[in-house]
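*Asks:*
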Amino acid sequence: MEYNFKRIESEWQRRWREEGTYNVEVDESRPKFYVLDMFPYPSGAGLHVGHPLGYIASDIYSRYKRQSGFNVLHPMGYDAFGLPAEQYAIQTGQHPALTTEQNIARYREQLDKIGFSFDWRREVRTCDPEYYRWTQWAFAEMFGHYYDNTVQRAEPIGKLVAHLEAHGTEGLDAAQTAALSFTAAEWAAMDEREREQALQNWRLAFRADTQVNWCEALGTVLANDEVKDGLSVRGGYPVVQKRMKQWQLRVTAYAQRMLDGLDTLEWSDSLKEIQRNWIGRSVGAQVFFDIEGSERKLEVFTTRPDTIYGVTFMVIAPEHEWVGELTTNAARADVEQYVAQSKLRSERERIAETRRVSGVATGSYAVNPFTGRRIPIYISDYVLAGYGTGAIMAVPAHDSRDYAFARHFGLEIVPVVEGGDIEKESYDAKSGRLINSDMLDGMDVKEAIEYMFAEIERRGLGKRLVNYRLRDAIFSRQRYWGEPFPIYYKDDVAHVLPLDKLPLTLPAIDNFGPTAEGEPPLARVDGWHTPEGYPYELSTMPGFAGSSAYYLRYMDPHNGEALVGRRADEYWRNVDLYVGGIEHATGHLMYSRFWNMFLYDLGHVCEPEPFRKLVNQGMIQGRSNFVYRIVGTNRFVSLNLKEQYKTQEIHVDVNIVRNDILDTEAFRRWRPEFADAEFILEDGRYVCGWGIEKMSKSMYNVVNPDYIVDKYGADTLRMYEMFLGPLEQSKPWDTNGIDGVHKFLRRLWSKFYSREGGLIVSDEEPTRAELKTLHKTIKKVREDIENFSFNTSVAAFMICLNELGDCSKRAVLEPLTALIAPFAPHMAEELWHVLGHDTTVCDAPYPVCDESYLIEDSFEYPVMVNGKLRFKQEYPLSTSAADIQADIVKAEGTQRWLEGRAPKKIIVVPGKIINIVV
RNA sequence: GCGGAUAUGGUGUAAUUGGUAGCCACGUCAGACUUAGGAUCUGAUGCCGAGAGGCGUGGGGGUUCGAGUCCCUUUAUCCGCACCA
-9 MEYNFKRIES
1 EWQRRWREEG
11 TYNVEVDESR
21 PKFYVLDMFP
31 YPSGAGLHVG
41 HPLGYIASDI
51 YSRYKRQSGF
61 NVLHPMGYDA
71 FGLPAEQYAI
81 QTGQHPALTT
91 EQNIARYREQ
101 LDKIGFSFDW
111 RREVRTCDPE
121 YYRWTQWAFA
131 EMFGHYYDNT
141 VQRAEPIGKL
151 VAHLEAHGTE
161 GLDAAQTAAL
171 SFTAAEWAAM
181 DEREREQALQ
191 NWRLAFRADT
201 QVNWCEALGT
211 VLANDEVKDG
221 LSVRGGYPVV
231 QKRMKQWQLR
241 VTAYAQRMLD
251 GLDTLEWSDS
261 LKEIQRNWIG
271 RSVGAQVFFD
281 IEGSERKLEV
291 FTTRPDTIYG
301 VTFMVIAPEH
311 EWVGELTTNA
321 ARADVEQYVA
331 QSKLRSERER
341 IAETRRVSGV
351 ATGSYAVNPF
361 TGRRIPIYIS
371 DYVLAGYGTG
381 AIMAVPAHDS
391 RDYAFARHFG
401 LEIVPVVEGG
411 DIEKESYDAK
421 SGRLINSDML
431 DGMDVKEAIE
441 YMFAEIERRG
451 LGKRLVNYRL
461 RDAIFSRQRY
471 WGEPFPIYYK
481 DDVAHVLPLD
491 KLPLTLPAID
501 NFGPTAEGEP
511 PLARVDGWHT
521 PEGYPYELST
531 MPGFAGSSAY
541 YLRYMDPHNG
551 EALVGRRADE
561 YWRNVDLYVG
571 GIEHATGHLM
581 YSRFWNMFLY
591 DLGHVCEPEP
601 FRKLVNQGMI
611 QGRSNFVYRI
621 VGTNRFVSLN
631 LKEQYKTQEI
641 HVDVNIVRND
651 ILDTEAFRRW
661 RPEFADAEFI
671 LEDGRYVCGW
681 GIEKMSKSMY
691 NVVNPDYIVD
701 KYGADTLRMY
711 EMFLGPLEQS
721 KPWDTNGIDG
731 VHKFLRRLWS
741 KFYSREGGLI
751 VSDEEPTRAE
761 LKTLHKTIKK
771 VREDIENFSF
781 NTSVAAFMIC
791 LNELGDCSKR
801 AVLEPLTALI
811 APFAPHMAEE
821 LWHVLGHDTT
831 VCDAPYPVCD
841 ESYLIEDSFE
851 YPVMVNGKLR
861 FKQEYPLSTS
871 AADIQADIVK
881 AEGTQRWLEG
891 RAPKKIIVVP
901 GKIINIVV
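With our numbering, letter number 745 in the first sequence gets 735, and the count goes up by one each step, no holes.
Here it is, written out as structure tokens:
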């Protein structure tokens, strides 16, 4: 009987759905395992063959865990709010809700064909009000809390208010935007508006004026991780820096905990490193410099207080708040011009012009507190307003940027670390002996840094400080298709909606662009205010809002009382295995950890970290094919003849090419302009060129999973995607190799059914060799699954089948069916029932290797002479190394290769190798 | 510039973790069968060489009886950060 994958797959998918095979409930009697995929953003293009890669791997692991006795939670949903749907809406006028709905339907259809073991009853969509109610709730909770550094966790804002009432800011140690200072009496004297203004300095969700990434084309601000190289990640539009009042999340409060938490996670080192760099912890000193003729002191942050004797000038950022104050009348015109100029530069220009020295003197002077010397204060955009204090002490001798600046402006360069030659470049040394530094002279850099920390504190010049590169997350977006903020304004004071007023649903509109006044689209909505008439916030939340806690909702998706109920949370706890792309390293994976830690502080969840183990699947690239048109003609020349002509390389649809041979008839039909194409063939065939590129429509290299499923079946697609190579590695999709996997499945099928259609499974006792093959395979496949090495497990199945030959014995085939079930679930299910079972193969215990079948009693040693394999010699494994050593010299082969010489040394590694050194 | 990763046949890859490099597939070649299919089956296939044999894991060096694997160095590609004080 033929392997009719279409019948088998549609039938079992239907039965799984009808019987709820993959439904899962809390069950305290069994151990849990939570396997999660990063949910997709349902784009209009549908899935290509690269998208399911991670889903297939996690599905295999889920099924394996289930067969191993775990109660497996394996859900799926959609990250449905976001820019592309809205951009599409602006262009076409179609409501994003509608296009999103359509895209989700298409995604679901595609996913269903692949045979995943999702419990679809638990589906979440971030744009569903019943879901985003909890996104709004979490935001409201953040608004209602601050981060208390003394206890290292979020605390209710009421505790802060109590402190301010009693002591003002005295003795307060909390994560804050700026260092505010007022007394209890001053607090008491504030009105509601002033108080709220002050509280925003500590709230974990707060509104503040800040430097933001503004994208004019998208009409919205963007978070740092949404900008790359000065361009928006979505769309690639220019981004400029702008000061705006925005809602933000105080993720910096959790910087240290997020850093420390990394050590507890089973994530790849590279991913942890990316997050560590993003958090960017650096230990240094805060130092205050006196300003000549002013009461104020200029605060800087430095990691190299040891070099303070080499400070010959200071630099502040053009956005520094004291620019006006520090500028003397004589310098004012120049400074104003410079500041205006640097404001105009886009982020992209700024990056491109890195290393070009620019700046202007303020005319003011500071005093080096250690040398007592008068040093000029400059303004330059190589100092960033957003890092540290936006001001630096410049040490030109030992910092290349300061050096370039000093050279350009002819400033003094004083070396303070021995060893460099500062004539041509700075000496950015992290070790060495201090010179020209008074009491530090002769100390090593490390020693001097420690000494200076103490000295700075002793002299009351500042203190030791930890700085983070991590910025607070800009949380508002001036657009429509996102979660509305649960915020309304009363006399411009922000108030938050309580849970029983949530969700605040997104109103329907029909024009998705900004208003004429440049207000967000929600400004168009009449009645966008509370019943009392107080206006709601006009911006909406960013894409990462909805994806920050979705994994919690899957645990308890229909709970109307809480994001996740206590019983579900305490059972499922956190994600045991998370599979997704590395592109979320500094976005989603940071925000989710922050969000989860916050909910943990409040006691809503019982685990501080959301994702225990994380696997990053590689990108599937496209394998493009090319044809070569002779310039100015409609003639196409085969790859190996193209050098003889002047040709132009043209992408050709990979679906009309097989093994790099072009289907010329299909090519003529492909596009009208090729209808009368002529070909110059080689060996009667047209050979195409190929290259690896991103999979995209414009390269004509997109392969649709539906097409593969239709032609080869879901089981073949699943196994082939795994066979392609290591999961974590990026690799090109090449449909050509798929035959090998398909052939394997057909051969497996033919172990059960003869060509004529009869079942040929016998009850004969398997031979020892057959059992050895079976158990070897069981061992290998189990190990490979545990190591996420799915490509080698597919190879192990193929080897197993090759070794079994025409063995069709039940005692071998039955465990093999259970073993392959996670990979090819449809076929395994069918065969499982053919073997007479009436329960699902998903619950068949995963086979265990019986090591006794693998034990060998003798071993054929490869015998090397001077490191080259010369012959083989068999010894019982019980033979000792000494006995082998004594015996091997006498062996016929040894004698032949020794050619009368005496061996210098004989190395015997039992069970591995014999090497004779002559 | 800093940090991380990768490099093996025509292609995707594998290698009991320092022990016979190239498993398993694709492709190619040869053969069988044939209802002529892009089916199925069998065999060969790293490179050079008629053969014996030699050479082979990006390049160079080292440790070792033995290196794809460890160390040093260098090149190329990819990823992350990037005037971070």
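We put the beta carbon where it would ideally sit given N, CA and C, even for glycine.
Remember, it's a predicted structure, so these values are computed and weren't measured experimentally.
Let me make sure I understand the geometry here. Which of Arg322, Leu252, Ser332 has the alpha-carbon closest to that of Lys232?
*Replies:* Among Arg322, Leu252, Ser332, the Cα nearest to that of Lys232 belongs to Ser332.
*Asks:* Would DSSP call Thr293 helix, strand or coil?
*Replies:* Here Thr293 sits in coil by DSSP.
*Asks:* Taking Lys894 as the reference, which of Gln875, Glu864, Ser390 has the closest Cα?
*Replies:* Comparing Cα-Cα distances from Lys894 to each of Gln875, Glu864, Ser390, the minimum goes to Gln875.
*Asks:* Quick one, are the C-beta atoms of Met709 and Phe626 less than 8 Å apart?
*Replies:* It is not a contact, given that the beta carbons lie outside the stated cut-off.
*Asks:* Using the C-alpha atoms, what's the distance from Ala818 back to Ile810?
*Replies:* Roughly 7 Å between the two C-alpha positions.
*Asks:* Tell me the DSSP secondary structure of Cys839 in three-state form.
*Replies:* In this structure, Cys839 counts as coil in the three-state DSSP scheme.
*Asks:* Return the CA-CA distance between Ile425 and Ile298, expressed in angstroms with no decimal places.
*Replies:* Those two C-alpha atoms are separated by around 11 Å.
*Asks:* Verify whether the separation of the beta carbon atoms of Pro405 and Gly508 is less than 8 Å.
*Replies:* No, these two residues do not count as a Cβ contact at 8 Å.
*Asks:* Would DSSP call Asp559 helix, strand or coil?
*Replies:* Reduced to three states, the DSSP call for Asp559 is helix.
*Asks:* Should Arg391 go down as buried or exposed, given a rule of 16 or more other Cβ atoms within 10 Å for buried?
*Replies:* The residue is buried, with at least 16 neighbouring Cβ atoms inside 10 Å.
*Asks:* Quick check on DSSP: helix, strand or coil for Tyr368?
*Replies:* Strand.
*Asks:* Comparing C-alpha positions only, which one of Asn624, Thr89, Trp680 sits nearest to Pro662?
*Replies:* Ranking Asn624, Thr89, Trp680 by Cα distance to Pro662 puts Asn624 first.
*Asks:* Which residue's Cα is closest to the Cα of Pro716: Leu43, Met28, Ser19, Pro30?
*Replies:* Among Leu43, Met28, Ser19, Pro30, the Cα nearest to that of Pro716 belongs to Leu43.
*Asks:* Go ahead and pull the three-state DSSP assignment for Ala152.
*Replies:* The answer is helix: DSSP assigns Ala152 an H, G or I state.
*Asks:* Taking 6 Å as the limit between beta carbons, can you name the residues of its chain near Lys603, skipping five residues before and five after?
*Replies:* Counting only Cβ-Cβ distances below 6 Å, and skipping sequence neighbours, we find Glu256, Leu567.
*Asks:* What three-state label does DSSP hand Val699 in the structure shown?
*Replies:* Looking at Val699 - three-state DSSP - the assignment turns out to be helix.
*Asks:* Per DSSP, what kind of secondary structure is Tyr820 in: helix, strand or coil?
*Replies:* Note that residue 820 corresponds to Glu in the displayed sequence, not to Tyr. DSSP places Glu820 in helix when its eight states are reduced to three.
*Asks:* Is the beta carbon of Val229 less than 8 Å from the beta carbon of Trp204?
*Replies:* Closer than 8 Å, so yes.
*Asks:* Helix, strand or coil for Leu589? Go by DSSP, reduced to three states.
*Replies:* Looking at Leu589 - three-state DSSP - the assignment turns out to be helix.
*Asks:* Short of 6 Å in beta carbon distance, which residues of its chain neighbour Trp471, apart from the five on each side in sequence? Order them along the chain.
*Replies:* For Trp471, where only same-chain residues beyond five positions count, the Cβ hits under 6 Å are Phe71, Ala75, Glu76, Pro86.
*Asks:* Taking the C-alpha atoms as reference points, what is the distance between Glu639 and Arg772?
*Replies:* One C-alpha to the other measures close to 47 Å.
*Asks:* Within the chosen definition, does the region 437 to 449 reach the region 275 to 295 through at least 3 CB pairs nearer than 8 Å?
*Replies:* These segments touch.
*Asks:* Going by DSSP, name the residue or residues bridged to Tyr526.
*Replies:* Partner(s): Tyr478.
*Asks:* Among residues of its own chain, excluding the 5 on either side of Ser752, which ones have a beta-carbon nearer than 8 Å to its beta-carbon?
*Replies:* Ser798, Lys799, Arg800, listed in sequence order.
*Asks:* Can you list, in chain order, the residues of its chain whose CB lies under 6 Å from that of Ala786, leaving out five sequence neighbours each side?
*Replies:* If we look at Ala786 and ignore the five residues flanking it on each side, its Cβ neighbours are Thr767, Lys770, Val771.
*Asks:* Between Ala307 and Gly380, which are expected to be in contact by the criterion C-beta below 8 Å, what is the C-beta distance as a whole number of angstroms?
*Replies:* With a Cβ gap of about 4 Å, Ala307 and Gly380 count as contacting.
*Asks:* Distance, Cα to Cα, Lys103 vs Trp680?
*Replies:* If I take the Cα positions, the gap works out to 30 Å.
*Asks:* Could you please give the first and the last residue of the uninterrupted alpha helix (DSSP H) stretch that includes Phe790?
*Replies:* The displayed chain sequence assigns Cys, not Phe, to residue 790. Its alpha helix (DSSP H) spans residues 780 to 794.
*Asks:* Considering only residues of the same chain and omitting the five flanking positions on each side of Pro900, which have a CB-CB separation below 7 Å?
*Replies:* Contacts found: Ala871.
*Asks:* Closer than 6 Å by C-beta to Lys55: which residues in its own chain qualify, once you throw out the five before and the five after it? Chain order, please.
*Replies:* If we look at Lys55 and ignore the five residues flanking it on each side, its Cβ neighbours are Phe23, Val62.
*Asks:* Where DSSP assigns a beta bridge to Glu145, which residues make up the other side?
*Replies:* For Glu145, which the question treats as bridged, DSSP gives the partners Tyr136.
*Asks:* Three or more C-beta pairs under 8 Å: does that hold for the region 411 to 430 against the region 535 to 553?
*Replies:* Not touching, per the Cβ criterion.
*Asks:* Is the beta carbon of Asn615 less than 8 Å from the beta carbon of Val647?
*Replies:* Against a cut-off of 8 Å, the Cβ pair of Val647 and Asn615 comes out as a contact.
*Asks:* Please classify Thr242: is it buried, with 16 or more other beta-carbons within 10 angstroms of its beta-carbon, or exposed?
*Replies:* Thr242 is buried by the Cβ-count criterion.
*Asks:* By DSSP, does Tyr541 sit in helix, in strand, or in coil?
*Replies:* In this structure, Tyr541 counts as helix in the three-state DSSP scheme.
*Asks:* Quick one: using the 10 Å Cβ neighbour count with 16 as the cut-off for buried, is Asp253 buried or exposed?
*Replies:* By the 10 Å Cβ count, Asp253 comes out exposed.
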